[in-house]
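In full-length UniProt numbering, the protein residues as written are 1 to 658.
Data first, discussion second: the structure below is written as structure tokens.
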Amino acid sequence: MTNTAQQNELANAIRSLAMDAVEKANSGHPGLPMGCADIATVLFTKVMKFDPANPHWADRDRFILSAGHGSMLLYSSLYLLGYEDMTIDQVKNFRQLGSKTAGHPEFGHATGIETTTGPLGQGLANSVGFAVAEAKLAAEFGSDIVDHHTWVLAGDGCLMEGISQEAISLAGHLKLNKLTVIWDNNNITIDGKVSNADSTDQIARFKAVGWNTIEIDGHDQNAIEKALLEAKASTDKPTLIAAKTTIGFGAPKKAGTEKVHGAPLGAEELAGAKQALGIDYPAFEIPSHILDAWRAAGTRSQNVRGEWEARLAKSDKKDEFVRRMSGKLPADFASAMAAYKEKLVADKPKVASRKASQMALEVINKAVPETLAGSADLTHSNLTNTPETLPFQADNRLGRYMMYGIREHEMGAAMNGVALHGGLIPYGGTFMVFTDYARPAIRLSALMEQRVIYVMTHDSIGLGEDGPTHQPVEHLSALRAIPNLLVFRPADAVETAECWELAMTSEKAPSILALSRQNLPAVRTENSAENKSAKGAYTLVGPADADAVIFATGSEVAIAVEAQKTLTDQGIKARVVSVPSMELFAKQPDAYKAEVLDTAKARVAVEAGIEMSWNKLLGDKGRFVGMHSFGASGPIDALYAHFGITSKAVVEAVTAQL
């Protein structure tokens, strides 16, 4: 190792702050920041392009700490570099309620945190989306405007998680050469040595899926710099840098062991580590000459940013680029959707809502050039493609369609990365039942308040003969349980268009569109300037002073309408309420909710799923017509009859309460 005294001082500033913060909190992970301090020092002070004075600069490099438990590595670096909102008090308040320095990096808490990490592998998977967004925007706007790199620090745990294979194989296939993963190769996990559970040759693994690989001593700053620059110069492949490190570097007794992974060092070990590293200054007090050197490094790219701003100002694409990065939709989006809905009311198409979705997308993708479509190898089932969506590939960066392959989890995580990068609006499809495979990424979309749109088709037993393995009986309720996730289940083509409009305009929440395989009759037969689905639930048919209220979603709304007609013939006043989004209905004023719920004697809900999410609407005495067990194989009509999800069953549920 050939580090100079100054190089060691800069790295030790990270180690000192990390050790002190974890000790003060009596909680945290000091091992990674201590082991990776040299890597972070070189990356932030010599290689990366960013400006703490303008942290949202669109053409900055992105750094992703996939091994999010080592969050003090990032927080320490942000403070040292001079990010305004990462103060020494925030560092001191590590892991405390209300601080920006959460136990794992949380997007939106502080500038410089590009994505929420902690669930291992998610950051690595996000990075593919970041790199895709950079490549596509560079193709659209030119390298004078978009030319930056995505850097990832991942640990052994990230590489063990299954999503890592989905991510690296897709990145290699797409030849995302501006993506570099630095592997903190310290051979330690919580349970001890990696060899307890894994013997993968990671170098061979990355090479096998089309990556460059470089092996270095992760404590040799000259070697680190050389490797980072080599990776940055790659023109045809992403790069893995395998950096051999010692977890808890400098700790006299715990370094290189699992004991330093996820617990404070303790007073004696902390003092010994500082003595071994030559850290002779008080806790949280970085000597001025070291802090000054870090702050100077934080200003390295100011001139580069200034030159970039001058180029952007002269570009004839400036207005469009600024609009895209702001997240605002084109001015004519609303009028395009209004005209389309008016046409639907006139045409009254009887189509599956997955087909209605594609019809809406034909309007959306023409009006909104920043949509980035995709599917997890189910394009012709999800119907997520339109004439505008040619594939994005290694040889066509202008493409607007992601062929994610059979990688549902990576699709969700990559879409998060695309959304976080900015400039594009991602949507991607698979079967509803496979939200199970993508759920961790969906949850993070919601946690990070990202506009990510999940097109989930084959949403119930209505998919037919594929049987229980493909029938998402419990999934609507499970997805509705995720805070800040909008779950839409439209009843016909008009509601599908309305739900797409709402998903596109939802800047702070992701959306699920649960769509049918089977054809659905038109139930919205009158044009309305109002987006009725925006209220989450609304009266579709029937009198205000009804004896019974029937709630339904999606493919079951037609069943409810049929039951309402039967009840009317029997002299029973019934009203059908379509509920395309429970989440939006919950946000309505109490007076509106009372108007919709009414004081009718009978309440019935019908949905081809389990009852769990309906309890608030039904109350104590309401009845549910839906699934009470897993599905069965058979034709659609036979399955609905088999499980008793029929208009007759709805009528019986109503009359039983009257």
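Where a beta carbon is used, it is the ideal one built from N, C-alpha and C, also for glycine.
Same chain, Cβ closer than 6 Å to residue i, five either side skipped, listed in chain order
i	result
N527	E342 and V345
D51	W57, S301, Q302 and R305
A21	M72, V91 and F94
N365	T371, T386 and E388
Y437	E408 and H409
K100	Q90, H109 and A110
S647	I559, E562 and A563
P472	M432 and V433
L137	V146 and G423
T41	L10 and A11
G155	A67 and D184
H69	H29
I290	E9 and A13
G272	P252
G192	E258
Bridge partners - residue i, DSSP secondary structure assignment
i	result
D184	G155 and A243
I214	I241
Y401	A373 and P391
F488	L513
V604	I550 and R623
R575	V549
K193	I188
T457	F431
A352	N519
V128	BP columns for V128 are empty, so no partner.
L65	L153
T426	In the sequence under discussion, the amino acid at residue 426 is Pro, which differs from the Thr named in the question. Answer by DSSP bridge pairing, in chain order: L372.
V541	V576
Presumed contact (8 Å Cβ cut-off) between residue i and residue j, rounded CB distance
i	j	result
residue 674	V152	The structure shown has nothing for residue 674, since the chain only spans 1 to 658.
F206	T200	F206 to T200, Cβ: 10 Å. No contact.
A293	L10	6 Å
H421	F130	5 Å
D220	N8	In fact, because the Cβ distance is near 11 Å, the residues do not count as touching under 8 Å.
L378	A548	Incorrect: roughly 39 Å between the Cβ atoms, too far for contact.
G35	F284	With a Cβ gap of about 21 Å, G35 and F284 do not count as contacting.
L656	R623	Just to set this straight, residue 656 is Ala in the shown sequence, not Leu. With 8 Å as the limit, A656 and R623 qualify as a contact, their Cβ atoms being about 7 Å apart.
Short Cβ contact (7 Å threshold) for residue i with residue j
i	j	result
L80	A13	yes
P33	M72	yes
A563	V650	yes
T553	V579	yes
T115	N177	no
L74	P119	no
K573	A546	yes
I453	A503	yes
K237	H149	no
T180	G218	no
S555	S506	no
I247	N186	yes
S581	G536	yes
V576	G542	yes
A227	I241	yes
L270	M612	no
A491	V557	yes
residue 684	V606	The requested residue 684 does not occur in the structure, where the chain is confined to residues 1 to 658.
F643	P468	no
A413	Q165	no
L520	S335	no
I645	E474	no
7 Å CB neighbourhood of residue i in its chain, flanking five on each side removed
i	result
K46	E225
V209	I168, S169 and G172
F44	S77, L81 and A297
D332	A367
E501	M337 and N531
Residues of its chain near residue i, where Cβ-Cβ distance is below 8 Å and the 5 sequence neighbours each way are ignored
i	result
L229	V47
A139	R397 and L398
S195	N187
Do the region 592-600 and the region 452-470 meet, that is, are 3 or more Cβ pairs less than 8 Å apart?
no
Three or more C-beta pairs closer than 8 Å, one from the region 392-404 and one from the region 348-356: is that the case here?
no
Are at least three pairs of beta-carbons, each pair with one atom in the region 258-270 and one in the region 18-33, less than 8 Å apart?
yes
Touch test, the region 433-443 against the region 474-482, Cβ-Cβ under 8 Å, three pairs minimum:
yes
How do the region 352-362 and the region 497-513 stand: do at least 3 beta-carbon pairs fall below 8 Å, yes or no?
yes
At least 3 beta-carbon pairs within less than 8 Å: the region 565-577 vs the region 506-515
no
Quick check: the region 121-129 against the region 374-381, are at least 3 beta-carbon pairs closer than 8 Å?
no
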